[in-house]
Amino acid sequence: MAKGAAMATDTDYHSTTSSPDGTRHGSMSNNRHEGHKGFPIGAVGNTGKLDYVERPNIVLLLAGTNDVVFKINLKIAPEVLGRVVDDIVSACPDAVVLVATLPPLLDRNREARRVAFNAALPAVMEQRTEVGKHVLLVDLATVTTRHINATDGIHPIDEGYRLIADAWYKSIVHTDQKGWIKAPIAKPANGEVDRVKPTIEARPIIAGRPIVAGTSAGFWSPFRMLAALVVVSVGCFGAFRVRYAFRWNRRNFW
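If you use my numbering, the sequence shown corresponds to residues 69 to 322, in order.
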């Protein structure tokens with residue numbers, strides 16, 4: 069995630085819930101998020117649209133577990149995920165979109181559906197990259213069945229979430245090295261769009277802690293929830309806004 073010379077990060081997690089404090093989970097010092105139970109891919113994308121006004125420059129998307137577990141529109145689920153990516157890029161054309169494969173499931177039938185879903189993702193994402201969209205598929209193959217909670221057979225244990233965090237982190241570093249990550253666009257009070265200026269420091273910091281290259285400490289925390297939409301603004305580590313849209317119960321199908 070380093071932008072050549074080391075930078076500093078002002079961290080601000082947001083939520084759009086009616087509560088003044090928003091929804092809070094996790095061990096981060098600033099842990100507001102946009103969490104709603106029960107949404108499959110389409111609903112993740114629809115609720116995530118509320119966050120696009122913030123003009124993130126990095127979006128982390130992990131969605132599809134509910135669709136696989138509950139057999140929701142399985143034939144078109146990968147393409148629905150692709151349309152969510154299209155919506156993100158349309159609203160935030162300067163954003164980098166990182167899309168993760170699904171972690172394993174312990175039930176044999178569900179696992180077979182997960183494997184098929186993941187197998188379809190490279191082609192779906194390649195369709196976007198071929199037309200110049202900054203979209204990257206993040207392989208979560210390091211998360212194995214031993215990292216899945218044996219009680220529900222779906223959600224990772226803490227070590228599984230740490231591996232997911234590492235995969236996100238390495239992908240962000242990779243896209244930064246490709247030159248994809250630009251300074252975020254901020255919308256001032258007067259409504260005019262401007263760029264957020266970076267703050268120079270000794271080395272990058274997230275959530276008040278320094279980042280060491282190759283690690284994800286301070287970037288992610290286990291939430292016992294799986295599917296996620298994370299919207300991030302990183303202005304050369306000058307601003308960092310995160311939106312979480314966690315979905316893991318079968319309600320409100322899209």
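Cβ coordinates follow ideal geometry from the N, Cα and C atoms, glycine included.
Residue i, buried or exposed, once every other Cβ within 10 Å from all chains shown has been counted against 16
{"i": "Asn-258", "result": "The predicted model places Asn-258 with a pLDDT of 49, which falls under 50 and marks its position as unreliable; any figure quoted below should be read in that light. The residue is exposed, with fewer than 16 neighbouring Cβ atoms inside 10 Å."}
{"i": "Arg-214", "result": "exposed"}
{"i": "Ser-239", "result": "buried"}
{"i": "Leu-206", "result": "The question names Leu, but residue 206 is Val in the sequence shown. When all chains shown are included, Val-206 counts as buried."}
{"i": "Pro-161", "result": "exposed"}
{"i": "Pro-190", "result": "exposed"}
{"i": "Arg-181", "result": "buried"}
Span separating the alpha-carbon of residue i from that of residue j
{"i": "Gly-110", "j": "Asn-141", "result": "10 Å"}
{"i": "Gly-94", "j": "Pro-224", "result": "15 Å"}
{"i": "Arg-196", "j": "Asp-154", "result": "8 Å"}
{"i": "Asn-114", "j": "Val-167", "result": "16 Å"}
{"i": "Gly-132", "j": "Phe-107", "result": "9 Å"}
{"i": "Ile-273", "j": "Leu-170", "result": "Low per-residue confidence applies at Ile-273: pLDDT is 31, beneath 50, and the placement is therefore not dependable enough to give any value."}
{"i": "Asn-137", "j": "Arg-178", "result": "The question names Asn, but residue 137 is Val in the sequence shown. So the two alpha carbons sit approximately 6 Å from each other."}
{"i": "His-242", "j": "Val-183", "result": "25 Å"}
{"i": "Val-152", "j": "Leu-130", "result": "11 Å"}
{"i": "Glu-227", "j": "Ile-144", "result": "31 Å"}
{"i": "Leu-118", "j": "Pro-124", "result": "12 Å"}
{"i": "Val-148", "j": "Ile-253", "result": "27 Å"}
{"i": "Tyr-120", "j": "Ala-159", "result": "6 Å"}
{"i": "Phe-185", "j": "Val-112", "result": "17 Å"}
{"i": "Ala-209", "j": "Ala-251", "result": "30 Å"}
{"i": "Ser-97", "j": "Gly-150", "result": "33 Å"}
{"i": "Gln-245", "j": "Glu-194", "result": "19 Å"}
Near the ligand ADP: residue i beta-carbon under 8 Å from a heavy atom
{"i": "Gly-200", "result": "Ligands are entirely absent from the displayed structure, and the ligand ADP is therefore not among its contents."}
Anticipated Cβ contact below 8 Å, residue i with residue j, distance rounded
{"i": "Val-211", "j": "Leu-231", "result": "5 Å"}
6 Å CB neighbourhood of residue i in its chain, flanking five on each side removed
{"i": "Trp-236", "result": "Leu-128"}
{"i": "Lys-201", "result": "Val-157"}
{"i": "Val-164", "result": "Ile-126, His-202, Thr-243, Trp-248 and Ile-249"}
{"i": "Asp-135", "result": "Pro-108, Ile-109 and Ala-145"}
{"i": "Lys-139", "result": "none"}
Same chain, Cβ closer than 7 Å to residue i, neighbours up to 5 away in sequence not counted
{"i": "Thr-219", "result": "none"}
{"i": "Ala-188", "result": "Pro-146"}
{"i": "Val-192", "result": "Pro-146, Glu-147, Leu-149 and Gly-150"}
Beta-carbon proximity list for residue i, same chain, < 8 Å, skipping 5 on both sides
{"i": "Leu-174", "result": "Thr-213, Ile-216, Ala-218, Gly-221 and Ile-222"}
Q. Which runs of the beta strand (DSSP E), 3 residues or longer, sit entirely within the segment 157 to 233?
A. Qualifying beta strand (DSSP E) stretches, in chain order: 164 to 168 and 203 to 206.
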